[in-house]
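In the numbering used here, the protein residues as written are 40 to 240. The beta-carbon is built from N, C-alpha and C at its ideal position, and this holds for glycine as well. Below you'll find the structure, written out as C-alpha cells, and then a few comments.
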C-alpha cells in the first residue's frame, strides 16, 4: 500500500494568520478534503505540523499527527519526519495548501516508481512539482545531511536521489486535471480557488 503525508507547517504570513489547512473548502476544512482524497490510495495518512492541537479536533484518530524531528527546516524537515515514521516504502507527499490533489496523478506516479526509482515527480508546464511526488521511504537518509547544511526545500533532495518526472501530456492523456498542482499562497488565491471546487479528482 501507500502512505500519504501532508506537510502542514509554515507561518502563513500572507494569510492574515489563518492556517491554510483549516480554511473551509467545499464544505469542509481543506485538510479534511485532502485526507478524503488520499484515503482512496493510502491506508496510512500522516500530518506533519508544528501545531498539533489545531488539528486534533478536526482529524479522526486514524490520521497520525506528528511534529518535526528537526524544527525550523521547512517542508524538507517535515518530509524527513514523515518518511521516518511511514510504515510503507512508497510515500505520497503533498503540501497542506493544495486543494485539488489528485489520486489519479498519484497512482500514475506510484506506478512509475515501481520501476525501481527512488522518487517520481510531476512535470507541468516545464516546472517540477516536488510537493505532489511519490518518494521512497529511504529518501529520509538523504534528507538528513541536507538539513545539517541548512537546506529547507524539498526540491533540493532531487539532486541526491535517483528520480524521474512524469510529464503533463502523459498525465492529461490518463485523465488527470492539471489543476492538481495548484496551491494557495494568498487570500486572493483562496477566494479564487474555492469558487472552482469539483468533487471528483
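According to DSSP, simplified to helix, strand and coil, what is residue i?
i	result
residue 125	coil
residue 111	coil
residue 240	Low local confidence applies: a pLDDT of 44 at residue 240 is under 50, so the model's placement there is unreliable, with the coordinate-based value given in what follows. If DSSP states are grouped into helix, strand and coil, residue 240 belongs with coil.
residue 191	coil
residue 180	helix
residue 55	coil
residue 106	coil
residue 41	strand
residue 82	strand
residue 167	strand
residue 136	coil
residue 224	coil
residue 215	coil
residue 76	helix
residue 95	coil
residue 151	helix
Going by alpha carbons, who is nearest to residue i out of the options?
i	options	result
residue 56	234, 232, 224, 147	224
residue 168	154, 144, 186, 48	144
residue 213	185, 142, 193	142
residue 186	114, 95, 73, 59	114
residue 73	54, 148, 98	98
residue 226	54, 47, 40	54
residue 233	68, 48, 40, 47	68
residue 162	194, 126, 102, 100	194
residue 40	183, 126, 166, 102	126
residue 183	75, 230, 108	108
What do you reckon, are the CB atoms on residue i and residue j nearer than 9 Å?
i	j	result
residue 173	residue 132	yes
residue 91	residue 106	yes
residue 220	residue 171	yes
residue 79	residue 134	no
residue 228	residue 164	no
residue 191	residue 116	yes
residue 287	residue 210	The question about residue 287 has no answer, for the chain in this structure spans 40 to 240.
residue 94	residue 60	yes
residue 175	residue 128	yes
Sort out for me which residues DSSP pairs residue i with in a bridge.
i	result
residue 68	63
residue 203	159
residue 174	130, 158
residue 87	46, 105
residue 197	Beta-bridge pairing links residue 197 to no other residue.
How about the stretch 128-143 and the stretch 64-74: do they share at least three Cβ pairs that are nearer than 8 Å?
yes
(Q) Could you check whether the stretch 78-91 touches the stretch 114-124, counting it as contact only if at least three pairs of C-beta atoms, one from each stretch, sit closer than 8 Å? (A) yes
message: Using 8 Å as the cut-off, can you tell me whether the stretch 175-184 makes contact with the stretch 204-222, which would need three or more C-beta pairs spanning the two stretches below that distance?
response: no
* **contact_flag[the stretch 194-203, the stretch 152-171] where n(CB pairs < 8 Å) is 3 or more** => yes
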